[in-house]
Amino acid sequence: MPVIKVWGLPSGQTEDDLRHLHRTIVTAVTSIDELGLRDQNDMTCLFPPDLMLYGLGEEIIVEIDGLFAKPERTLEVCHRLAACVGSAIKNLYPKAKVECFITNFYPAQGFWTSAKPTVFICQVFSGCRCNICGGFFADGDEVCASGHQLGRQYAIK
Ligand SMILES: [Zn+2]
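Given below as C-alpha cells:
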C-alpha cells in the first residue's frame with residue numbers, strides 16, 4: 015500500500031493539526047478514482063520529525079511511494095495525484111514551498127507483507143513495462159524481459 019511521508023512540517027504541530035493534515039491527505043488521495051484507494055486503511059501516512067528546527071516549515075516535502083505499478087496508474091494519474099496532494103498541503107501551510115514526489119513500485123524489486131500473500135496479475139504498465147518487475151515487453155510479446163507472462167498470477171510472499 016502507498017506510504018505517504020511528509021517531511022519538514024513547521025515545529026509545534028499539535029495532535030489536532032496532524033489529524034487535520036491526515037484527513038486532508040486521505041481526502042486528496044481518495045479523490046483520484048483511478049488509484050482504487052478507498053480510505054485511510056488503504057494507505058499509511060507518516061509525519062517524521064526533523065532534528066533541526068532551523069528552516070522547518072519553509073519547505074515541505076511529500077513522498078508517496080509503495081504505489082504498485084498498475085495499468086490504470088498512468089503518468090497522468092500520478093501527476094494528478096502529486097498536484098492534488100501537494101496543493102491540499104499548500105492550502106494548509108500557505109507560506110511553505112511544497113513539493114510532492116511520486117514513486118511507482120514494482121513488487122519484484124523486493125516486497126514482503128505480513129498480510130495474506132499478495133497475488134499480482136502480470137499487466138502492461140506505462141505502455142510497455144511489466145507491472146511486476148518494470149521489465150519491458152518487446153513489441154507484440156506476451157512475456158516481459160524477466161519472464162513474467164501477461165495475465166498470469168504471481169504470488170509475492
Ligand atoms: Zn516482469
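Following this note's numbering, the numbering of the sequence shown begins with 15 at its first residue and continues without gaps.
Each residue gets a CB set at the ideal place from its N, CA and C atoms; glycine is no exception.
Handout entry: Check whether Leu35 and Arg87 have beta carbons under 8 Å apart
Key = no
Handout entry: Where the alpha helix (DSSP H) through Asp31 begins and ends
Key = Glu29 to Thr44
Practice task
Please state whether DSSP places Gln167 in a helix, a strand or coil.
Solution key: strand
Practice task
In the DSSP assignment, find the unbroken alpha helix (DSSP H) run with Asn55 in it and report its ends.
Solution key: It is not in any alpha helix (DSSP H) - Asn55 carries neither H nor E in the DSSP assignment.
Exercise for the section: Could you tell me which uninterrupted alpha helix (DSSP H) segments, each at least 4 residues in length, are contained entirely in the stretch 86-138, listed from first to last along the chain? Expected result: 89-106
Practice task
Output yes or no for whether 8 Å exceeds the beta carbon distance between Phe139 and Ala102.
Solution key: no
Problem - DSSP three-state assignment for Asp79, whether helix, strand or coil - result: The answer is strand: DSSP assigns Asp79 an E or B state.
Handout entry: Any non-hydrogen atom of ligand 1 closer than 7 Å to Ser160 Cβ
Key = yes
Handout entry: Spatial neighbours of Leu89 in its chain, beta-carbon cut-off 8 Å, leaving aside the 5 residues before and after
Key = Ser140
Problem - Which residues DSSP lists as bridging Glu156, in chain order - result: Partner(s): none; Glu156 has no beta bridge.
Handout entry: Per-residue DSSP class, three states only, for Glu72
Key = coil
Handout entry: Cβ pair Ile75, Leu95 closer than 8 Å
Key = no
Practice task
State the beta-bridge partners of Lys19 as determined by DSSP.
Solution key: Leu60 and Glu77
Exercise for the section: Would you mind working out which of Asp64, Leu60 and Ala97 sits nearest Val43, comparing C-alpha positions? Expected result: Ala97
Practice task
Kindly examine ligand 1 and report whether one of its heavy atoms sits closer than 7 Å to the Cβ of Gly149.
Solution key: yes
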